[in-house]
Amino acid sequence: MNTREDYIAVFDSGVGGISVLRELVRLMPGERFLYFGDSANAPYGSRTTEEVRALTLRAAEKLMQQGLKALVIACNTATAAAIRQLREAYPRLIVVGIEPALKMAADRYPGCRVGIMATPVTLREEKLSRQLARFPGMQVSLIPAPGLVELVEAGASREALEALLRPLLAPFAGQLDALVLGCTHYPFAGPVIGSLLPGTVLLDGGEGTARETLRRLREAELLEEGTGTVLLQNSLPDPEILNRCKALLENSLL
Ligand code: DGL
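Residue numbers for the sequence shown follow this note's numbering, beginning at 202 and rising by one.
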């Protein structure tokens, strides 16, 4: 049975899921959130699907021991690799995954040129091909961004982000109506990405994931109107990583 003490857990391979947590906190300020980033094992995106699945299931098991009413997988990579297995493992828990915001792109820009920037796992998994098949009119460019997750994890400067992204995005300047940020780390590089692609609208799935979580909790009558807390945890035994999470959350809630 669920009690007031149950957390909404939010999981990512590292600090990226904070971009989803901020939307969750905005929408449900009275809830108790438990954020876990697996920075010791990040990046997930260049691992095998089996490795990502095993790491995600292991993290979920640890989170479950702390008492959960919902688990939000704030990582496109982990969702692509493990959402089915998570739902099978915890059939009574509300499990919400994030996926690239393709539907938003298709609804707003039907028949337009859309880029999807995501990790190698997300780009090659069947989940994305199935999603893409639903929007045949869309002209899609798949854009891997090697090294970007590492820079965001390390709290890199705007200059460092620009040095990596400029050559990567140059071929797409003026070519895309929308760019879907299909990795939860990428919104933190959003201002740099936006400056390199003027005229392209950036979309991400954070808000949609938060809305879906709210809908599921409401449906299950599990919403709380408490004082609201956020507990931050990380697999890296380094206080710096928790400070970075805190700073990313606080800055993005301003
Ligand atoms: N933040 C994760 C995502 O949304 C992946 C980052 C990683 O490669 O670890 O895909």
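Glycine included, C-beta positions come from ideal geometry on N, C-alpha and C.
Residue i: CB within 7 Å of a non-hydrogen atom of the ligand DGL
i    : result
N277 : yes
P244 : yes
T323 : yes
F213 : Residue 213 is actually Asp in this sequence, not Phe. Flag set: Cβ of D213 near the ligand DGL.
V350 : yes
C384 : yes
T401 : no
T320 : yes
G217 : yes
For residue i, three-class secondary structure by DSSP
i    : result
R233 : strand
D207 : coil
D439 : coil
V221 : helix
A421 : coil
G400 : coil
T323 : helix
T430 : strand
G409 : helix
M202 : The predicted position of M202 is uncertain, since its pLDDT is 48 and thus under 50; no value can be drawn from it.
Supposed close pair residue i, residue j - CB separation, criterion 8 Å
i    : j    : result
S220 : T430 : Not really, about 19 Å apart at Cβ, beyond 8 Å.
I209 : E224 : No, I209 and E224 are not in contact; Cβ-Cβ is about 12 Å, not under 8 Å.
E363 : V393 : 5 Å
A282 : E326 : 7 Å
Q434 : Y236 : 7 Å
L365 : G391 : 14 Å between Cβ atoms; not a contact.
C276 : G316 : At roughly 20 Å, the Cβ-Cβ gap does not stay under 8 Å, so C276 and G316 are not in contact.
V211 : L222 : 5 Å
Task: 3 or more residues per run - each beta strand (DSSP E) lying fully within the stretch 224-303 - done: If only complete runs of 3 or more residues are kept, the stretch 224-303 shows the beta strand (DSSP E) at 233-238, 269-274, 295-298, in order along the chain.
Open item on the list: Quick test of the definition: if touching needs 3 or more C-beta pairs under 8 Å, does the stretch 366-379 touch the stretch 395-411?
Closed with: Contact annotation: the stretch 366-379 touches the stretch 395-411, with at least three C-beta pairs closer than 8 Å.
Open item on the list: Which runs of the alpha helix (DSSP H) at least 4 residues long sit entirely within the stretch 328-394? Give them in chain order.
Closed with: The stretch 328-394 contains these whole alpha helix (DSSP H) runs: 349-354, 359-370.
- [ ] Indicate whether the contact test is met: 3 or more Cβ pairs, each with one atom in the stretch 329-337 and one in the stretch 250-257, closer than 8 Å.
- [x] Fewer than three pairs of CB atoms, one per stretch, sit closer than 8 Å, so the stretch 329-337 makes no contact with the stretch 250-257.
Open item on the list: Quick check: the stretch 359-366 against the stretch 413-426, are at least 3 beta-carbon pairs closer than 8 Å?
Closed with: No, the stretch 413-426 does not touch the stretch 359-366.
Open item on the list: Check whether the stretch 304-311 and the stretch 376-383 are in contact - that is, three or more C-beta pairs closer than 8 Å.
Closed with: Segments in contact, yes.
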